[in-house]
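Undergrad: Quick note on numbering: the sequence shown equals residues 3 to 222 in the working numbering.
Beta carbons are placed, not taken as given, at the ideal position from N, Cα and C, and that holds for glycine.
As the structure is a computational prediction, the values presented were derived from the model and not from experiment.
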Amino acid sequence: VVSCFSSVSSGINAEYGEHSIVSSYTDTSTVQQLNMVIVNVLYFVLGCSLLVVTATCKSDELKSELVVSMTKTTLLVDQLLTEQLEKYEALTSDMAEAIARITQLEEKVAAAEAAQAATVAKLNVLPALESRLTELAERQEELQQNQGSWPTGSYCIFSNGDCPAGFTRYAGHIRAFDTYDYSETYIKPVRFGDSFFGCHGPCGRHTSWDAEMYITTCCK
């Protein structure tokens, strides 16, 4: 409005000279001068009205442009938000899948560590097993070398025929000794090799001397 007033006032002063708005108020002696003042005022009002209409039209255009711009901006923001949401959902899905795979890997690692621990435990036993196997192999070799021979030392074995080489035969017996009874509860006949336990004669014939014993050994 101020710009409008300044522009119109400058135009009127330029066109009417001394019959401007200011001079009209200073010289009011004639009707012509009054008419000129009215014309000046009408020009002023008309100019301001045109400027207001122009400004209003421009304001509507600006409003329309602003609405269009805001609409485009809103659509762009919605699109960006949608894209970011899709990226976030994809990232969340990838993270869940990654966590599941990490869990599987941890389980596999735990199983592998358990298997490794069991293997290490077995490996720790191997030296003892190897030592035992070595001893058994040496013993087997010794037995194979001494096959058919008797262990060293002094001992006796029950005889069953001729004594082996290096052994001496010894035989002894007890005959006709008394027992409480001649039944199998007290006398059970048995023969092992050249040795014998049993009744003295037919069981029950001799009531006072029921049993006899023969022992034959080979000693070295």
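If you follow the beta strand (DSSP E) that Ile176 is in, where does it begin and where does it stop?
TA: Thr170 to Phe179
Undergrad: Is it true that the CB of Lys222 sits closer than 8 Å to the CB of Ala163?
TA: Just to set this straight, residue 163 is Gly in the shown sequence, not Ala. Not closer than 8 Å, so no.
Undergrad: Three-state secondary structure (DSSP) at Thr154?
TA: coil
Undergrad: Helix or strand or just coil, what does DSSP make of Tyr90?
TA: helix
Undergrad: Short of 6 Å in beta carbon distance, which residues of its chain neighbour Asn126, apart from the five on each side in sequence? Order them along the chain.
TA: none
Undergrad: Can you check DSSP and say which residues form a bridge with Met215?
TA: Ile176 and Phe199
Undergrad: Any contact of the stretch 146-158 with the stretch 178-195, i.e. 3+ C-beta pairs under 8 Å?
TA: no
Undergrad: One question on the structure: do Arg141 and Thr218 come within less than 8 Å of each other, judged by their Cβ atoms?
TA: no
Undergrad: Taking C-beta to C-beta, are Tyr184 and Gly206 nearer than 8 Å?
TA: yes
Undergrad: With Arg193 as the anchor, note down where its beta strand (DSSP E) starts and where it stops.
TA: Val192 to Phe194
Undergrad: Anyone know if the C-beta pair for Gly200 and Glu186 falls short of 8 Å?
TA: no
Undergrad: Asp196 and Ser161 - do their beta-carbons sit closer together than 8 Å?
TA: In this structure, Asp196 lies closer than 8 Å to Ser161 by Cβ.
Undergrad: Using three-state DSSP, classify Gly189 as helix, strand or coil.
TA: Reading the sequence as shown, one finds Ile at residue 189 and not Gly. Note: Ile189 maps to coil in three-state DSSP.
Undergrad: Do you know how far the Cα of Leu107 is from the Cα of Leu83?
TA: 35 Å
Undergrad: According to DSSP, is Asn148 helix, strand or coil?
TA: Looking at Asn148 - three-state DSSP - the assignment turns out to be coil, as it is neither helix nor strand.
Undergrad: Could you tell me which residues DSSP pairs with Ile159 in its beta bridges?
TA: Cys220
Undergrad: Would you identify the three-state DSSP class for Thr209, choosing helix, strand or coil?
TA: coil
Undergrad: Kindly list the residues whose CB is nearer than 8 Å to the CB of His175, restricted to its own chain and excluding five residues on each side of it in sequence; keep chain order.
TA: Glu214, Met215, Tyr216 and Ile217
Undergrad: Label Ile189 either buried or exposed according to how many other C-beta atoms from any shown protein chain fall within 10 Å of its C-beta, with 16 as the threshold for buried.
TA: buried
Undergrad: Determine the DSSP secondary structure at Ala167, reduced to helix, strand or coil.
TA: coil
Undergrad: Looking at the structure shown, is Cys80 part of a helix, part of a strand, or coil, going by DSSP?
TA: The sequence shown places Asp at residue 80, rather than the Cys named in the question. If DSSP states are grouped into helix, strand and coil, Asp80 belongs with the helices.
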